[in-house]
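Undergrad: A single structure is presented below for examination.
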Amino acid sequence: MDKVSLVKQCQLGDREAFGILYQTYFAPMREVVAYYIHNDDIEQDVLHDGFLIAYTSIGSLKNGAKIEAWLTSIMKNLSLQYLKDESSHISVPMSDTAIADNAITSADNARELTWEELDKIIDKLPEGYGKVFRLAVLDGLSHKEIAALLGIAPHSSS
Numbered sequence: 002m003d004k005v006s007l008v009k010q011c012q013l014g015d016r017e018a019f020g021i022l023y024q025t026y027f028a029p030m031r032e033v034v035a036y037y038i039h040n041d042d043i044e045q046d047v048l049h050d051g052f053l054i055a056y057t058s059i060g061s062l063k064n065g066a067k068i069e070a071w072l073t074s075i076m077k078n079l080s081l082q083y084l085k086d087e088s089s090h091i092s093v094p095m096s097d098t099a100i101a102d103n104a105i106t107s108a109d110n111a112r113e114l115t116w117e118e119l120d121k122i123i124d125k126l127p128e129g130y131g132k133v134f135r136l137a138v139l140d141g142l143s144h145k146e147i148a149a150l151l152g153i154a155p156h157s158s159s
């Protein structure tokens, strides 16, 4: 069965078809997650959650031919979300962050954004812009890579 037919069957609620989709894309999606997550247990959790999201929202996939890019996007976003959540739990001893009193200047009044604040700002962008911004700035992908991942023309991502 070709991937467009497979996706169509999944969209019709065929659990066996989703099982085939899972078996077909498990290994490639594991590679996507493993690129970001370097812990087997967490990797399995992210994969499980990603396929669960795919199962519950496959009806929103308009072009079945883009199933791999769609799954990749789900897995990548979940992996990055996990990393972002983990980074907010990291603590640094105050002795490592101490700044000498005489080093403080008026330029230091500008503060850095937290991941949470940046995420909220990005969320206010139109959906396509937010995706492209995350892929380009946060993930470091080129516009050509973004275009391939999202299935758009390269000039559309710049």
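Position one of the sequence shown corresponds to residue 2 (the numbering used here), numbered consecutively onward. Even for Gly, the Cβ is constructed at its ideal location relative to N, Cα and C. Model, not experiment: these values are computed from the prediction.
Would you mind stating whether Ile54 and Val8 have Cβ atoms separated by less than 8 Å?
TA: It is not a contact, given that the beta carbons lie outside the stated cut-off.
Undergrad: Report all residues from its chain with a CB closer than 7 Å to the CB of Ala18; omit the five preceding and five following residues, and keep chain order.
TA: Correct list, in chain order: Leu7, Gln10, Cys11.
Undergrad: Classify Thr115 as helix, strand or coil using the three-state DSSP reduction.
TA: Note: Thr115 maps to coil in three-state DSSP.
Undergrad: So Leu48 packs on Val34, CB below 8 Å; how close in whole Å?
TA: Confirmed, Cβ separation roughly 6 Å.
Undergrad: Give the single residue among Ala70, Glu118, His144 whose Cα lies nearest to the Cα of Tyr130.
TA: Ranking Ala70, Glu118, His144 by Cα distance to Tyr130 puts His144 first.
Undergrad: Would you call the CB atoms of Leu150 and Thr73 closer than 8 Å?
TA: Yes. Within cutoff.
Undergrad: Cα separation between Leu62 and Leu119?
TA: Roughly 28 Å between the two C-alpha positions.
Undergrad: Specify the secondary structure class of Asn40 as computed by DSSP and reduced to three states.
TA: DSSP places Asn40 in coil when its eight states are reduced to three.
Undergrad: Among Met76, Gly65, Glu87, which residue has its Cα nearest to the Cα of Met2?
TA: Among Met76, Gly65, Glu87, the Cα nearest to that of Met2 is on Gly65.
Undergrad: Quick one: what does DSSP say Ala154 is sitting in, helix, strand or coil?
TA: Reduced to three states, the DSSP call for Ala154 is coil.
Undergrad: Work out the CA separation of Ala154 and Thr115 for me, nearest whole Å.
TA: C-alpha separation (whole angstroms): 32 Å.
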